[in-house]
Amino acid sequence: MATLADVARLAGVSTATVSHVVNGTRNVRPETRRLVEEAIEETGYSQNTLARSLVTASTKSIAVVMSAISNPYFGQVLQGIEAEAVEHDYTLLLAESRDDPDHELHVVRSMRARRVDGLVLAPSADPERALEYASAQGIPTVLADRIVDDRYDQVGPENTEPTAQLVDHLAALGHRRIGIVAGRTGLSTTDERLAGYREGLRRNGIEHEPELVVEGRSETDPGARATAELLRRRPTALITANNGMTVGAMRALGEAGLRVPDDIALVGFDDFPWANWFSPRLTVIAQPCADIGSLAARLLLRRIADPDVPPGTHRLPPRFVHRDSCGCGLRS
1 MATLADVARL AGVSTATVSH VVNGTRNVRP ETRRLVEEAI EETGYSQNTL ARSLVTASTK
61 SIAVVMSAIS NPYFGQVLQG IEAEAVEHDY TLLLAESRDD PDHELHVVRS MRARRVDGLV
121 LAPSADPERA LEYASAQGIP TVLADRIVDD RYDQVGPENT EPTAQLVDHL AALGHRRIGI
181 VAGRTGLSTT DERLAGYREG LRRNGIEHEP ELVVEGRSET DPGARATAEL LRRRPTALIT
241 ANNGMTVGAM RALGEAGLRV PDDIALVGFD DFPWANWFSP RLTVIAQPCA DIGSLAARLL
301 LRRIADPDVP PGTHRLPPRF VHRDSCGCGL RS
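Counted the way the UniProt record's numbering counts, the sequence shown spans residues 1 to 332.
Here it is, written out as structure tokens:
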């Protein structure tokens with residue numbers, strides 16, 4: 001295995017210079033840096049990250065814990081985190097919490113055992129134990145997507161007003177029985193989107209009917225079952241509160257023999273790559289996923305560098321994407 005000294009000999013520089021290039025601890029002339037980088041490539045030198053961490057107390061790694069990395073929304077948030085982390089020579093360790101507080105605590109403990117420098121967490125409905133552990137262990141932590149505790153840096157989308165705007169849009173099309181397939185109970189995003197749904201009904205003079213609210217648990221299969229239940233109450237329009245439940249709702253509507261938007265209007269919270277390819281194309285609220293991830297990473301890197309900086313809460317605005325599933329074309 002190549003050593004630092006091997007690289008130094010090949011590049012014709014001191015081992016200290018190689019160390020400065022590898023660790024970014026001092027400016028090195030561009031020509032010297034080029035020679036060192038070529039020598040690293042030729043020798044196949046790989047820095048011993050664990051040994052370095054024992055000296056610097058840093059592993060240059062960040063833990064990212066989210067409910068479901070397979071969810072396209074979280075996948076796009078993750079892309080934003082990774083782009084920012086790579087720019088600053090950090091690597092990511094990924095884990096799913098499954099929105100289970102016990103498992104969430106378990107994976108945060110596991111990340112601590114791997115000596116991560118910081119944590120980006122999309123908190124579960126009950127994240128207190130995980131957050132208390134991270135705080136007690138001195139792990140710099142940023143909350144992403146779900147805004148739950150202003151003692152931490154946190155970044156997420158606006159949820160309430162955008163959901164109210166979905167109700168506004170459906171009400172403007174003449175709908176009065178507007179149902180919602182809501183997310184998992186206890187999540188801050190669920191609470192905020194339900195608040196927006198109620199606000200939209202209020203300002204359009206529509207009575208809130210609890211029977212038109214069902215829980216889809218933020219996932220596709222429960223979303224399909226919740227939609228099937230909701231259809232028995234004869235809504236004329238549906239709002240689905242995340243992308244997984246939108247897919248579930250589309251499936252349930254198809255199984256019920258209902259056409260969107262001819263028989264029922266459908267709008268959703270979350271855009272995703274194939275929403276524009278569905279038939280009909282889906283009218284949605286598109287979240288700034290990558291921007292959420294990028295800002296979360298920047299906040300974490302700032303906190304790693306300065307643990308005493310005051311925490312802040314940051315809300316990023318989504319945008320309304322107007323397509324076909326709302327049924328505007330039927331009323332034009």
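Using N, Cα and C, we set each Cβ at its ideal position, and we do this for glycine too.
This one's a predicted model, so the numbers in the text were calculated from it and none came from an experiment.
By the three-class DSSP mapping on this structure, what secondary structure does residue i have?
| i | result |
| --- | --- |
| residue 126 | coil |
| residue 79 | helix |
| residue 137 | coil |
| residue 239 | strand |
| residue 285 | strand |
| residue 171 | helix |
| residue 41 | helix |
| residue 161 | helix |
| residue 227 | helix |
| residue 215 | strand |
| residue 52 | Note on residue 52: pLDDT 49, under 50, position unreliable in the model; no value is reported. |
| residue 94 | strand |
| residue 100 | coil |
| residue 269 | strand |
| residue 327 | coil |
| residue 28 | coil |
| residue 309 | coil |
| residue 153 | strand |
| residue 275 | coil |
Beta-carbon separation of residue i and residue j under 8 Å?
| i | j | result |
| --- | --- | --- |
| residue 181 | residue 216 | yes |
| residue 210 | residue 285 | no |
| residue 140 | residue 300 | yes |
| residue 77 | residue 292 | yes |
| residue 218 | residue 281 | no |
| residue 99 | residue 184 | yes |
| residue 124 | residue 157 | no |
| residue 160 | residue 192 | yes |
| residue 63 | residue 93 | yes |
| residue 179 | residue 212 | yes |
Name the two residues that bound the continuous alpha helix (DSSP H) containing residue i.
| i | result |
| --- | --- |
| residue 293 | 289-305 |
| residue 200 | 188-203 |
| residue 8 | 4-11 |
By Cβ distance below 7 Å, which residues in the same chain neighbour residue i in space, the five residues on each side in sequence not counted?
| i | result |
| --- | --- |
| residue 15 | 4, 5, 8 |
| residue 309 | 302, 303 |
Between which two residues does the beta strand (DSSP E) containing residue i stretch?
| i | result |
| --- | --- |
| residue 319 | 319-321 |
| residue 61 | 61-66 |
| residue 315 | 313-316 |
| residue 258 | Looking at the DSSP string, residue 258 is not in any beta strand (DSSP E), and its letter there is neither H nor E. |
| residue 120 | 118-121 |
| residue 179 | 178-182 |
Between which residues of its own chain and residue i is the CB-CB distance below 8 Å, once the five residues before and five after are set aside?
| i | result |
| --- | --- |
| residue 33 | 21 |
| residue 109 | 133 |
| residue 67 | 74, 96, 97, 98, 99, 122, 124, 218 |
By Cβ distance, which residues of its chain are closer than 6 Å to residue i, with the 5 residues on each side in sequence left out?
| i | result |
| --- | --- |
| residue 297 | 81, 84, 85 |
| residue 154 | 143, 147, 313 |
| residue 36 | 11, 18, 21 |
| residue 252 | 224, 227, 228 |
| residue 240 | 181, 246, 249, 268 |
| residue 51 | Per-residue confidence for residue 51 stands at a pLDDT of 49, beneath the threshold of 50, marking its modelled position as unreliable; the derived number appears in the next sentence. Nothing meets the Cβ criterion. |
| residue 65 | 95, 97, 107, 121 |
Is the number of C-beta pairs between the region 146-164 and the region 185-205 that are closer than 8 Å three or more? With three or more CB-CB distances shorter than 8 Å, the region 146-164 counts as touching the region 185-205.
At least three beta-carbon pairs within less than 8 Å, the region 120-134 to the region 255-273: no
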